[in-house]
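**Q** Numbering (the working numbering), first residue to last: 4 to 752.
Sharing a structure here in structure tokens format.
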Amino acid sequence: MNCRAIFFFIGIVSLMAALLFPPLLAVSAETGRVLTVDTGQLTLDTVGSPYTFSGITVKNGAELIIDPGVTIYLLGGAEVRIDGKLHAVGTSDAPIILTANNQDAWQGMTVSAQATTSTLAYISFQFFQGPIQVLNLRPSLHNLELIDGVDNSLEVGDGSQAYSTMNISDIAFRNYLRGNWMRSEGIRANGSWKKLTVTRIAISDNRPPTELDWSRIGVSMLGAWGERTLNSITFPSGCQSFMKINIPGQLTLISSDPSRCPGLTLPVVFIPGYGTSINLKVLQDPLPQMLGPDQGVWQFFHLLTPSYDQLFSDLTQNKVPYTVAYYDWRMPAAEAAVRYLEPIIEETKRKYNVEAVNIVAHSFGGIVARAYIQSDQYRGDVQNLVQLGTPNYGTAKVYAPWEGGVLPEDWSPLFYLLRYYQYQYREWQLDDQQAIHTFFPSLRELLPTYPAYFYQDRPKDPSSLVEVNRFLNQENDNLIDLQSRVRVVDIYSATEPTLTSLYLDGPSSVDRWPDGQPVDRPEAYERNGDGTVPVESAVIPGSISLPVNGEHMQVPAVASPLFFPILYPTIYYRSGPLSIWELVHSFLFDCPVEVTITLPDGRTVSSEQNGLSADGSGEALRSDNLIWIVVPDQPGDYHLMVRARTDTEARGWVDNQSVNRWELRQGQTVDWQWSAAQGTVATTSSVPTVSPPTPTASPSPAIDRPRSAEPTPMPPVESGIDPPPSPVYWPLFTPYPEIRRLLQLFQSV
Numbered sequence: 004m005n006c007r008a009i010f011f012f013i014g015i016v017s018l019m020a021a022l023l024f025p026p027l028l029a030v031s032a033e034t035g036r037v038l039t040v041d042t043g044q045l046t047l048d049t050v051g052s053p054y055t056f057s058g059i060t061v062k063n064g065a066e067l068i069i070d071p072g073v074t075i076y077l078l079g080g081a082e083v084r085i086d087g088k089l090h091a092v093g094t095s096d097a098p099i100i101l102t103a104n105n106q107d108a109w110q111g112m113t114v115s116a117q118a119t120t121s122t123l124a125y126i127s128f129q130f131f132q133g134p135i136q137v138l139n140l141r142p143s144l145h146n147l148e149l150i151d152g153v154d155n156s157l158e159v160g161d162g163s164q165a166y167s168t169m170n171i172s173d174i175a176f177r178n179y180l181r182g183n184w185m186r187s188e189g190i191r192a193n194g195s196w197k198k199l200t201v202t203r204i205a206i207s208d209n210r211p212p213t214e215l216d217w218s219r220i221g222v223s224m225l226g227a228w229g230e231r232t233l234n235s236i237t238f239p240s241g242c243q244s245f246m247k248i249n250i251p252g253q254l255t256l257i258s259s260d261p262s263r264c265p266g267l268t269l270p271v272v273f274i275p276g277y278g279t280s281i282n283l284k285v286l287q288d289p290l291p292q293m294l295g296p297d298q299g300v301w302q303f304f305h306l307l308t309p310s311y312d313q314l315f316s317d318l319t320q321n322k323v324p325y326t327v328a329y330y331d332w333r334m335p336a337a338e339a340a341v342r343y344l345e346p347i348i349e350e351t352k353r354k355y356n357v358e359a360v361n362i363v364a365h366s367f368g369g370i371v372a373r374a375y376i377q378s379d380q381y382r383g384d385v386q387n388l389v390q391l392g393t394p395n396y397g398t399a400k401v402y403a404p405w406e407g408g409v410l411p412e413d414w415s416p417l418f419y420l421l422r423y424y425q426y427q428y429r430e431w432q433l434d435d436q437q438a439i440h441t442f443f444p445s446l447r448e449l450l451p452t453y454p455a456y457f458y459q460d461r462p463k464d465p466s467s468l469v470e471v472n473r474f475l476n477q478e479n480d481n482l483i484d485l486q487s488r489v490r491v492v493d494i495y496s497a498t499e500p501t502l503t504s505l506y507l508d509g510p511s512s513v514d515r516w517p518d519g520q521p522v523d524r525p526e527a528y529e530r531n532g533d534g535t536v537p538v539e540s541a542v543i544p545g546s547i548s549l550p551v552n553g554e555h556m557q558v559p560a561v562a563s564p565l566f567f568p569i570l571y572p573t574i575y576y577r578s579g580p581l582s583i584w585e586l587v588h589s590f591l592f593d594c595p596v597e598v599t600i601t602l603p604d605g606r607t608v609s610s611e612q613n614g615l616s617a618d619g620s621g622e623a624l625r626s627d628n629l630i631w632i633v634v635p636d637q638p639g640d641y642h643l644m645v646r647a648r649t650d651t652e653a654r655g656w657v658d659n660q661s662v663n664r665w666e667l668r669q670g671q672t673v674d675w676q677w678s679a680a681q682g683t684v685a686t687t688s689s690v691p692t693v694s695p696p697t698p699t700a701s702p703s704p705a706i707d708r709p710r711s712a713e714p715t716p717m718p719p720v721e722s723g724i725d726p727p728p729s730p731v732y733w734p735l736f737t738p739y740p741e742i743r744r745l746l747q748l749f750q751s752v
């Protein structure tokens, strides 16, 4: 081979080497310099890794390839600028790492709008000033990790262009090594996209959550879009995420699971109102002070408490964990707080790994909450107390049942139990007022303590009455114990006619109306409450007080939008349609029978379904000894078929009416027709009906019995066809004409 041929061969080899192998060796040899790719293609592979640069620049038209597993150390202040193309796709086993070579952070990375970069994946950006900017047209960003950036955010789009599609997924923002913490929105999207998808974003931080500026953390979207999908975005320990939308001007929650974020979003303990917690195994015993350990299941009748379902739906939709503090509402509030509320708070703290809870309480539930918070047993574990229509100073509507034994019809879910209790303890011969005092002692703690009483048109001091609400007087004399321990939020309604004042005609007797019988006066009613609790009773001085519209049982359904911004200021509240509350009727049976009720509209509900029927026709709960069925109020007749499981005396109560009794053999049935207007109108079975005897006028031996004494319960009626001992029957007390209006407006507390 001649010299010319040799030089030609060497030239060809050199040209091919220049084309196939960019000057990579120079990169390794000149550690610490600015890596500049002006033209062509340059590859950083694992052979020369790790690399150290004081900056990286890829000019327009040039390309930089970074192989999986490559580590690049960047000197303090180093900037990575991509105006050409960057192909940096690592793998889950061999990610690409861009990190600082010492304690001085590098500047950050910018993929400019003119760059042609299309994919960045499995890259770990560590210890930088930030942000990481990807401003070009159609990037696909996934499996990126941003660790301890001062401005630890991923910014996409430059705000001046309209983009076709963009996919962002599996991005982790982690701040825990150098104490930079999270100081930015996480993801900033500036521009307009035809389709934008953001999924699986995680942000973690070692800073205490209470010290974070959550208003600046999340996903910031500045622009307009066609189709957009954002989901599975989580924050510290999986707790919260946000999309901040500039155009509508609102903060929208994307996804959250605060139960996994201790210390940031406290769980709610909800305490229901009077008469709404149901446990048939507990309620079948007329004397709560005689109960042993609780058995059975606590629950609600959904037909009675749709507003609670609405509240729970709002909590669930906004990912706020909650626990219901069921309790025996017949007990005094302090006893219920010790026996029921305190253990539930402890259980909730353990379950969600928190030191405190928020309490949301309806009606008498707020009194139970206060009994705990203002007690010496308080453990400092309640941060906020939200009271929904709570009678902090009592309610005038309790006066008539407590002092006179008047049973309002719309208290039937409570007082038809009274008929059952009277029957169980029939040898005591308790009239209605005596039975209320015996079986529902907690009602006394709802008597008015505000200036509600008038005698001969002159104000009467509540403390001068025979029946005094000493419990609320004591609690309200020590409000400092409440106000210094928790933040109180009182949500009330002032839109309904509410019995506010009591005009009394003087004491009637020692036994009934000891402080005077109410006289019907127009001025006694004001549109200044929720129909049960007046505003002056619902609001504690110094609390955050917020008004809503609605009746007493509707307040929980409309309260969420008000207390959410106070309890959870970082959550953008979202709510569904409101539930509808309707009148219902209650049926109770305490014998081994099966019951089927046909409503006037033809739908049926059975005691065997043990729950809410799918079509809303009714709701049935049962225990070994009791069957309780609730059906919606409808005009017309209800048809009941009662079938005996064994030889028995069948006994049933409807609302607050008297007992109905039949002797049945096993398998026998009785057809019972009832209407709200006429009561029991027909029995179409050939089975004989047992008529109750005429009531006696003999005084009750229990009236002088000390309350602390425990009477001996009557033995249960034995199964069989022989009739039980004849009971004493007390018909429904006929209210005096002047207080009929009071009864019409009675509502459950």
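Yeah, the Cβ is synthetic: ideal placement off N, Cα and C, and Gly gets one too.
A quick note: this is a predicted structure, and the numbers were derived from the prediction, not measured.
DSSP three-state call for A328: helix, strand or coil?
**A** For the purposes of this step, residue 328 is taken as residue 325 along the sequence shown, with counting starting at 1. Looking at A328 - three-state DSSP - the assignment turns out to be coil, as it is neither helix nor strand.
**Q** At 3 residues or longer, what runs of the beta strand (DSSP E) sit wholly inside the region 633–678?
**A** You should have 640–647, 651–657, 663–667, 672–678.
**Q** For P500, count neighbouring C-beta atoms within 10 Å of its own C-beta (all shown protein chains included) and say buried if the count is 16 or more, exposed if not.
**A** Residue 500 sits at position 497 when you count from the first residue of the sequence shown. Under this definition P500 is an exposed residue.
**Q** Assuming S57 contacts L78 under a Cβ cut-off of 8 Å, what Cβ separation, rounded to an integer in Å, is found between them?
**A** The count along the sequence shown starts at 1 and reaches residue 57 at position 54. The count along the sequence shown starts at 1 and reaches residue 78 at position 75. S57 to L78, Cβ: 4 Å. Contact.
**Q** Check whether the Cβ atoms of P98 and I75 sit closer than 9 Å, and answer yes or no.
**A** Indexing the sequence shown from 1 puts residue 98 at position 95. Indexing the sequence shown from 1 puts residue 75 at position 72. In this structure, I75 does not lie closer than 9 Å to P98 by Cβ.
**Q** Going by CA-CA distance only, name the one from V323, R353, T279 that's closest to L307.
**A** Stepping through the sequence shown from its first residue, residue 307 is reached at position 304. Ranking the options by Cα distance to L307, first place goes to T279.
**Q** How do the region 487–494 and the region 458–472 stand: do at least 3 beta-carbon pairs fall below 8 Å, yes or no?
**A** Result no; under three Cβ-Cβ pairs closer than 8 Å.
**Q** Is the number of C-beta pairs between the region 615–627 and the region 641–648 that are closer than 8 Å three or more?
**A** No contact exists between the region 615–627 and the region 641–648.
**Q** Who are the Cβ neighbours of P603 in its own chain at under 7 Å, not counting the five residues just before and after it?
**A** For the purposes of this step, residue 603 is taken as residue 600 along the sequence shown, with counting starting at 1. Once the five neighbours on either side are set aside, the close Cβ partners of P603 are Q637, P638, G639, D640, Y641.
**Q** By a C-beta neighbour count over all protein chains shown, 10 Å radius and 16 as the cutoff for buried, is G64 buried or exposed?
**A** As a working note, residue 64 is residue 61 in the sequence shown. Exposed, because fewer than 16 other Cβ atoms sit within 10 Å of the Cβ of G64.
**Q** Alpha carbon to alpha carbon, how far is Q377 from N481? Give it in angstroms, no decimals.
**A** Stepping through the sequence shown from its first residue, residue 481 is reached at position 478. Stepping through the sequence shown from its first residue, residue 377 is reached at position 374. About 8 Å.
**Q** Between A192, L507, P275, which lies nearest to Q557 when the distance is taken from Cα to Cα?
**A** Reading the sequence shown from its first residue, position 554 is the one you call residue 557. Per the Cα distances, P275.
**Q** What is the C-beta distance between R530 and Y506, in whole angstroms, given that I count them as a contact (C-beta under 8 Å)?
**A** If you number the sequence shown from 1, residue 530 lands on position 527. If you number the sequence shown from 1, residue 506 lands on position 503. Their Cβ separation, rounded to whole angstroms, is 18 Å, which puts R530 and Y506 out of contact at 8 Å.
**Q** Ignore the nearest five residues each way along the sequence and tell me which others in S610's own chain have a CB closer than 7 Å to its CB.
**A** Stepping through the sequence shown from its first residue, residue 610 is reached at position 607. Excluding sequence neighbours, S610 sits near E597, V598, A623, R625, I630, I632.
**Q** Return the Cβ separation of Q110 and Q132 in integer angstroms, given the expectation that the two are a contact with Cβ distance under 8 Å.
**A** Stepping through the sequence shown from its first residue, residue 110 is reached at position 107. Stepping through the sequence shown from its first residue, residue 132 is reached at position 129. Q110 to Q132, Cβ: 5 Å. Contact.
**Q** Cutting at 6 Å between CB atoms, please list the residues of its own chain near Y330, excluding the five before and the five after it.
**A** Position 327 of the sequence shown, counted from the start, is the residue given in the question as residue 330. Correct list, in chain order: S280, A339, Y343.
**Q** Is DSSP giving I190 helix, strand or coil here?
**A** Taking the first residue of the sequence shown as position 1, residue 190 is located at position 187. Strand.
**Q** With a threshold of 16 other CB atoms inside 10 Å of the CB of V50, please say whether the residue is buried or exposed.
**A** Here the question's residue 50 lines up with position 47 in the sequence shown. Its Cβ having fewer than 16 others within 10 Å, V50 is exposed.
**Q** For Q117, does the three-state DSSP call read helix, strand or coil?
**A** For this step, residue 117 is matched to residue 114 along the sequence shown. Coil.
**Q** Less than 9 Å separating the beta-carbons of L123 and L147?
**A** Here residue 123 is taken as the residue at index 120 of the sequence shown, counted from 1. Here residue 147 is taken as the residue at index 144 of the sequence shown, counted from 1. Their beta carbons are under 9 Å apart, which means L123 touches L147 by this criterion.
**Q** For L180, name the three-state secondary structure that DSSP assigns.
**A** Counted from its first residue, the sequence shown places residue 180 at position 177. Residue confidence for L180 is low, a pLDDT of 47 falling below 50, so the modelled location carries little weight; the figure read from the coordinates is stated next. L180 falls in the coil class under three-state DSSP.
**Q** I'd like to check one pair, R373 with N356: are the Cβ atoms closer than 9 Å?
**A** The residue labelled residue 356 in the question sits at position 353 within the sequence shown. The residue labelled residue 373 in the question sits at position 370 within the sequence shown. Taking 9 Å as the Cβ cut-off, N356 and R373 do not qualify as a contacting pair.
**Q** List, from N- to C-terminal side, the beta strand (DSSP E) runs of 3 residues or more that fit wholly inside the region 343–391.
**A** Segments of the beta strand (DSSP E) lying fully in the region 343–391: 360–365, 385–391.
**Q** By Cβ distance, which residues of its chain are closer than 7 Å to N613, with the 5 residues on each side in sequence left out?
**A** What you label residue 613 is simply residue 610 of the sequence shown in a count that begins at 1. Cβ neighbours of N613 beyond the five flanking positions: A623, L624, R625.
**Q** G655 and F567 - do their beta-carbons sit closer together than 9 Å?
**A** Reading the sequence shown from its first residue, position 564 is the one you call residue 567. Reading the sequence shown from its first residue, position 652 is the one you call residue 655. Cβ atoms of F567 and G655: not closer than 9 Å.
**Q** Taking Cβ positions, are F443 and L410 nearer each other than 9 Å?
**A** In the sequence shown, the residue the question calls residue 443 occupies position 440. In the sequence shown, the residue the question calls residue 410 occupies position 407. Not in contact: F443 and L410 (Cβ atoms no closer than 9 Å).
**Q** I'd like to check one pair, G392 with V536: are the Cβ atoms closer than 9 Å?
**A** Mapped onto the sequence shown, residue 536 falls at position 533. Mapped onto the sequence shown, residue 392 falls at position 389. Cβ atoms of V536 and G392: closer than 9 Å.
**Q** Do you know how far the Cα of V323 is from the Cα of N552?
**A** Numbered from its first residue, the sequence shown carries residue 552 at position 549. Numbered from its first residue, the sequence shown carries residue 323 at position 320. Spanning the two alpha carbons is a distance of roughly 24 Å.
**Q** Measure the beta-carbon distance from A399 to L468 and round it to whole angstroms, keeping in mind my assumption that it falls under 8 Å.
**A** Stepping through the sequence shown from its first residue, residue 399 is reached at position 396. Stepping through the sequence shown from its first residue, residue 468 is reached at position 465. Between L468 and A399 the Cβ distance is about 13 Å, and since that is not below 8 Å, they are no contact.
**Q** When the Cα of S156 is compared with those of N170, V300, R429, R177, which residue comes out closest?
**A** Stepping through the sequence shown from its first residue, residue 156 is reached at position 153. The shortest C-alpha separation from S156 is found at R177.
**Q** At which residues does the beta strand (DSSP E) containing Q129 begin and terminate?
**A** Residue numbering aside, residue 129 sits at position 126 when the sequence shown is read from its first letter. It spans 122–129 - the beta strand (DSSP E) in which Q129 sits, taken as one unbroken run.
**Q** Measuring only the C-alpha atoms, how far is Y311 from V561?
**A** Locating residue 311 in the sequence shown gives position 308, where the first residue counts as 1. Locating residue 561 in the sequence shown gives position 558, where the first residue counts as 1. One C-alpha to the other measures close to 10 Å.
**Q** Taking C594 as the reference, which of E526, V371, D650, A403 has the closest Cα?
**A** The count along the sequence shown starts at 1 and reaches residue 594 at position 591. Of the candidates E526, V371, D650, A403, the one whose C-alpha sits nearest the C-alpha of C594 is D650.
**Q** Within this structure, are the beta carbons of G509 and Y458 separated by less than 9 Å?
**A** Here residue 509 corresponds to residue number 506 of the sequence shown, with the count starting at 1. Here residue 458 corresponds to residue number 455 of the sequence shown, with the count starting at 1. Yes, they are a contact pair.
**Q** Have a look at S678, S466, E666, F130 and flag the residue whose alpha-carbon is nearest the alpha-carbon of H588.
**A** Here residue 588 is taken as the residue at index 585 of the sequence shown, counted from 1. Answer by Cα proximity: S678.
**Q** Select from D173, V159, N170 the residue whose C-alpha is nearest the C-alpha of I190.
**A** The residue you call residue 190 lines up with position 187 of the sequence shown. Ranking the options by Cα distance to I190, first place goes to V159.
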